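Down below is the structure, laid out as structure tokens.
Number of protein chains: 2
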Amino acid sequence: MSDVLNKTTGPVDNSHSANSSYRVLLNGAAKFTSGFWAERQALNHKVSLKHGYAMLNKAGNLPNLKMAAGLESGKYRGMVFSDETVYKWLEGLGWELGRAPDDELQALANEVISLLTAAQQPDGYLNSYYQVVEPEQKWSDLDFGHELYCAGHLIQAAIAFKRAAGDDRLLEIACRFVDHIETVFGPGKKEGTCGHPEIEMALVELSRLSGEKRYLHLAQFFVDQRGKKQMRGLGANGPEYHQDHVAVREAEGVAGHAVRQMYLANAVADLYMETGEQALLETSQRLWDDMTRGKMYITGGIGSRYDGESFGESYELPADQCYCETCAAIGSFFWNWRMLLISGESHYADLMERLLYNGILSSPGLDGASFFYVNPLMLRNGRYVRLSANPPEEHKTSGRPEWHNVACCPSNTMRLRASLSNYFATSDQAGIQIHQYSNLEISHLLGEQNAIALKLETKYPWDGEVKITVTESGEQPWKLALRIPGWCQSFGVKVNGQGVNSILQKGYLIIERIWKAGDVVEAEFAMPPFLVEADPRVDGVRGCVAIQRGPIVYCLEEHDQEPGVNLLDVEIDPSEELTSRWQGDLLGGVMIIEGKGHQLDRSDRLENGLYHPLVLKTRIDLRFKKSH
Amino acid sequence: MSDVLNKTTGPVDNSHSANSSYRVLLNGAAKFTSGFWAERQALNHKVSLKHGYAMLNKAGNLPNLKMAAGLESGKYRGMVFSDETVYKWLEGLGWELGRAPDDELQALANEVISLLTAAQQPDGYLNSYYQVVEPEQKWSDLDFGHELYCAGHLIQAAIAFKRAAGDDRLLEIACRFVDHIETVFGPGKKEGTCGHPEIEMALVELSRLSGEKRYLHLAQFFVDQRGKKQMRGLGANGPEYHQDHVAVREAEGVAGHAVRQMYLANAVADLYMETGEQALLETSQRLWDDMTRGKMYITGGIGSRYDGESFGESYELPADQCYCETCAAIGSFFWNWRMLLISGESHYADLMERLLYNGILSSPGLDGASFFYVNPLMLRNGRYVRLSANPPEEHKTSGRPEWHNVACCPSNTMRLRASLSNYFATSDQAGIQIHQYSNLEISHLLGEQNAIALKLETKYPWDGEVKITVTESGEQPWKLALRIPGWCQSFGVKVNGQGVNSILQKGYLIIERIWKAGDVVEAEFAMPPFLVEADPRVDGVRGCVAIQRGPIVYCLEEHDQEPGVNLLDVEIDPSEELTSRWQGDLLGGVMIIEGKGHQLDRSDRLENGLYHPLVLKTRIDLRFKKSH
């Protein structure tokens, strides 16, 4: 293992990857200073990560590991993949300890890392379910056993502790486990791979961290095992449930279990970045086109079906039946990051933004200790909401529970929040690219001498004005690239109050000059509310409009309306103007949108049933308002 | 058992039921003479019933019974409810032998009745699965075992042979089995009921046939067992799968497995007809309102989900994901018949018509030897079609298979076709009611002296003109009631070429006079094509229109269009006139409809993904035509 510096590079480090347009920022990266994301990161620090520890004890995940370590006796609880939740939480803790060291969080980390050290077998194997419940059945059920999946999350947690906190302890555990896995799997050894992709991208990253190609080769081996159509699937779902329905390079579109598909897509993009194999890039682009042209909700959320937590057919996107699992949205966020690094094209960053503010932000509650697993787009009055598919959980409420039987999603939001600022900016040989806007400090050494530091100030996502101050720059010219958000119809940029020459490339506005400390860039992305329609092939929302302002898709809720308004009968009048108004006392401060619409008269419909000759509708006027 | 005359009364005989507005016609009933339904009944006679026999041998159902009878050895094949398909086919044979005696069909009946005689145990028990595979497990798995369900279909087949053909043999087998069941189930004996309702309505009918109240009491006992929430459900489906989620009288709406819900609803209506218990009628009306206001497709088809073959939530009616099982549509047809007999209200007959020409007619192919189980309303290009849910069958075609792993639907269409004319007319003390229009001969003795005979001539469903000739009548005045179809916006009636006094009551046009042989009634129900829209709460078809003409809902198929037209992008222009044209060489003769529409330009959509700011659409003109 090569020596690795303490650096806050984040989950992906493509510094030495052969095929990238942009590189992640090293050593210092981008950091939130205040405002929207800084507040949410602080909440993760103060509440969510501690809440996670309590829940992991309560739900059995940590007790399971204590049994594996011989420190406790009792009955194993929860799912076979119980350890994954510990690892994702631990990964979040790792990034957070790098970002904002804290004795209390450090103590939790120490405790759980010691527990894992104690639980790991002398041969390197580590999995509480198989050690406690079925010690003779290791590696016997790759389809559903999740052993490699859990190992993948252990590796990612280990990388976080190494990179963010310079802590080697988890990495030693992870590498011992991978050494063991290498004795079991590979060419000439056991064939097959895990029913749930995850270890592949973890192994690529471990290869990036260590410089060891054998991890990359093992990742490649696992990816190449897919498509044998031998995995059992779940219930009525076929081998696509396990991403075993087609060889990776032959996939025509996204299919099956959405999280599994996303994690596999991440691995395919990662492998392309390292190997440059063109077929992998073409597959990635085919999958992305298929997803974004027919299998994605307006929030970026994916998964149309509870059955199999899966993608549906193209255009099968029912608003009230959507699955939109948080983990699938986060998996897509990770995948789009890799595609952005590879291609430099802004539409990947656009989708990351869509996901971040809609498909992902919806999961954790404002209290930091409650979470959606499924992120419903529509709730019908008085109906039960299914909160997940495995096993089915039901609630007669739109409220977020404190935890889930399968708690993959809460822990996923924690690791993402702790490492989020890493996804906001990159560099290339010519300069710095800003992909997402927030109050940020960015520092980067361009080439060997050009030390650059920037400060971003903005009220984004509530306001489209972004002020960027150059606080440090060398004397060589360099390019500042600003992403023009896909939703933005009108924008302007000034430098030091003056118009400026710029070019538009791959969706980015690029300004090249010899920057001096004190230079100020003012960008304004006009943010009026607007109506959005879907491709009319989408049955679920044909004849409907959504309301969007900036990156945020709004929702219409009954309790915000005048008494007596039933949302199922409201029609928005597209000829009426939508207006925005800041409401500081709602949801911790939120821009609300007001507009006008009609409530359809239902009296004759109830009388006459569901189907009627086409007639003009009777309408009554009323006011309504919409809030996020 | 009281003596029973040979009479073609059909599956329901409410002659002596306390609570009915209309009575079924006895002895002679209504018979098709020629045209639409006569041709389809002849096809059932010549092809379908013989095909059914071949398939029952091929698929294992008859071999299973031979094993139970000790006549063959081998391995049991198919589902635990294998016998039900034999019984439903046999019921069809019974009605057909009454309608059109035939040596070949009689020989098949004799063979299978002898087989059942041989298979029945000395104690009366009869079920090939339990006798062959699990003889020690009888009555141990009421949830999934289907023993009472199969017994119910045996009873219904027996009633058909008795009523239609005067053949007692099956009835003796059935009554011996019921005697056995009575020793097992009932107050103070075993509690519980079958996971699949069916025996309840069969027992009520057996009580009507025999006059024996104990059968009615046993039906009541089974109905009253429901709602204990003890049944296991299937997969993620709860006790509503087995209609065990709520006590019958407390049900607020239709739920769970659609066929099970329909068969139970039939039993509830049957019990009300016999007992007059108001709570049962109110439950029936609540369920009907709930179904028709939010859980029914435009074809009358029901079941929105493959998962559990179940009803969805209200307004969850996706066109491309619909289940619309043939058996569920037939179950609804039967239920609406009972509700019509009880209430005398035309909306039940309207729904029977909607089901008959759309939800049910779609199942059997024009060859009489191929069948849909699921009746899809929308097929997307090149996608697999799931043909049923248990176990999943897939086809890359819209074609009907010759049989199914679960063959409940083909046999159900056979028994319905053979007995169909019974559902077209009724009587009450004042006269005759015509509910459905076809070429029919009707004879009825009104009161003790008034012998009435009518002849109907019509090209229905292709033309709305109906000529009714009185061929016989006594000298007392009586009322002829003609249903005004729910789809009809304009109609006229003449008697002997003259205008006539009539009243409109419960959706029927009633003409009272002293009828004479030779009197001619000419009714004309205007049948222009028209566009239909659904309640906008139905996400699946919001912003869509359907095309209907008379009772028939049309479909738009790509192979009928100009080359290059993609149906997913076609928009109908509601301001253009729709025209009808007879095409004798298509599908055995069919009225096609032609209209105008637009094909949406998709080039920018593919470029820009699924979601766009609301804009005016670019359109190109093209012609299209629609066929049934």
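If you read the sequences in order, they're chains E and X.
Take the first sequence: its letter number 183 is residue 172 in our numbering, and every next letter is one higher.
Take the second sequence: its letter number 448 is residue 437 in our numbering, and every next letter is one higher.
From the three backbone atoms N, C-alpha and C, an ideal C-beta is built for every residue, glycine too.
Treat the numbers as computed from the prediction; the structure is a model and nothing was measured.
Counted within 10 angstroms of its Cβ, other Cβ atoms place residue i as buried (16 or more) or exposed
i        : result
X:TYR600 : buried
E:LYS619 : Here chain E has residues from -10 to 617 only, and residue 619 of chain E is not among them.
X:THR281 : buried
E:LEU493 : exposed
X:ILE503 : exposed
X:THR566 : It is worth fixing the name first, because residue 566 of chain X is Glu in this sequence and not Thr. Classification of X:GLU566: exposed, given that the 10 Å Cβ count is below 16.
E:ASP661 : Shown here, chain E extends from -10 to 617; a query on residue 661 of chain E therefore has no answer.
X:THR172 : exposed
E:ILE100 : Checking the sequence, you will find Glu at residue 100 of chain E rather than Ile. By the 10 Å Cβ count, E:GLU100 comes out exposed.
X:LEU60  : exposed
X:GLN572 : exposed
X:HIS433 : buried
X:ALA107 : exposed
E:ASN46  : exposed
X:THR607 : Residue placement at X:THR607 is poorly supported in this model, since its pLDDT is 37, which falls under 50; the coordinates still yield a value, given next. By the 10 Å Cβ count, X:THR607 comes out exposed.
X:GLN109 : buried
Bridge partner(s) assigned by DSSP for residue i
i        : result
E:GLY420 : E:ASP417 and E:LYS468
X:SER621 : Residue numbering for chain X in the displayed model covers -10 to 617; residue 621 of chain X lies beyond these limits and cannot be assessed.
E:SER569 : E:ILE582
E:PRO353 : E:PHE360
Residue-level contact to chain E via CB, residue i, 9 Å cutoff
i        : result
X:VAL328 : A small fix is needed here, since residue 328 of chain X is Met in this sequence, not Val. No, no contact with chain E.
X:PRO602 : yes
X:PRO563 : yes
X:GLU522 : yes
X:TYR295 : yes
X:ASP558 : yes
X:ARG221 : no
X:ARG158 : no
X:ARG249 : no
Chain X within 9 Å of residue i, Cβ atoms only
i         : result
E:PHE211  : no
E:LEU599  : yes
E:GLY453  : no
E:GLY181  : no
E:SER(-9) : Note that E:SER(-9) has pLDDT 35, beneath the 50 cutoff, so the model's placement of it is unreliable and no number is given.
E:ASP309  : yes
E:ILE473  : no
E:GLN618  : An answer regarding residue 618 of chain E cannot be provided, because it is not within the stretch -10 to 617 covered by chain E.
E:THR281  : yes
E:SER196  : no
Residue j beta carbon less than 9 Å from that of residue i
i        : j        : result
X:ILE629 : X:LYS468 : Only positions -10 to 617 of chain X appear in the structure, and residue 629 of chain X is not among them; the question remains open.
X:ARG538 : X:SER335 : no
X:LEU542 : X:ILE536 : Per the sequence shown, residue 542 of chain X should be read as Val rather than Leu. Yes, they are a contact pair.
X:TRP277 : X:TRP324 : yes
X:GLY529 : E:GLY333 : no
E:HIS5   : E:GLU73  : no
E:ASP130 : E:ASN226 : no
X:PHE514 : X:ALA19  : no
Residue i Cβ short of 8 Å to the ligand FAD heavy atom set
i        : result
X:ILE287 : The ligand FAD is absent from the structure shown, which contains no ligands of any kind.
Where residue i meets chain B, residues with beta-carbon distance less than 7 Å
i        : result
E:ARG526 : No chain B appears in the structure shown, which is made up of the protein chains E and X.
**Prompt:** Is the segment 420 to 431 of chain E touching the segment 546 to 554 of chain E in the sense that three or more CB pairs, one from each, lie closer than 8 Å?
**Reply:** no
**At least 3 beta-carbon pairs within less than 8 Å: the segment 285 to 294 of chain X vs the segment 304 to 319 of chain X** = yes
**Prompt:** Taking contact to mean at least 3 C-beta pairs separated by less than 8 Å, is the segment 257 to 273 of chain X in contact with the segment 324 to 333 of chain X?
**Reply:** yes
**Prompt:** Should the segment 476 to 491 of chain E be called in touch with the segment 517 to 534 of chain X, which here means at least 3 C-beta pairs below 8 Å?
**Reply:** no
**Message:** Quick test of the definition: if touching needs 3 or more C-beta pairs under 8 Å, does the segment 82 to 100 of chain X touch the segment 140 to 153 of chain X?
**Reply:** In short, these stretches touch, since the Cβ pair count reaches three.
**Message:** Under 8 Å, with one C-beta from each stretch per pair, do the segment 434 to 447 of chain E and the segment 120 to 134 of chain E reach the 3-pair mark?
**Reply:** Touching, no.
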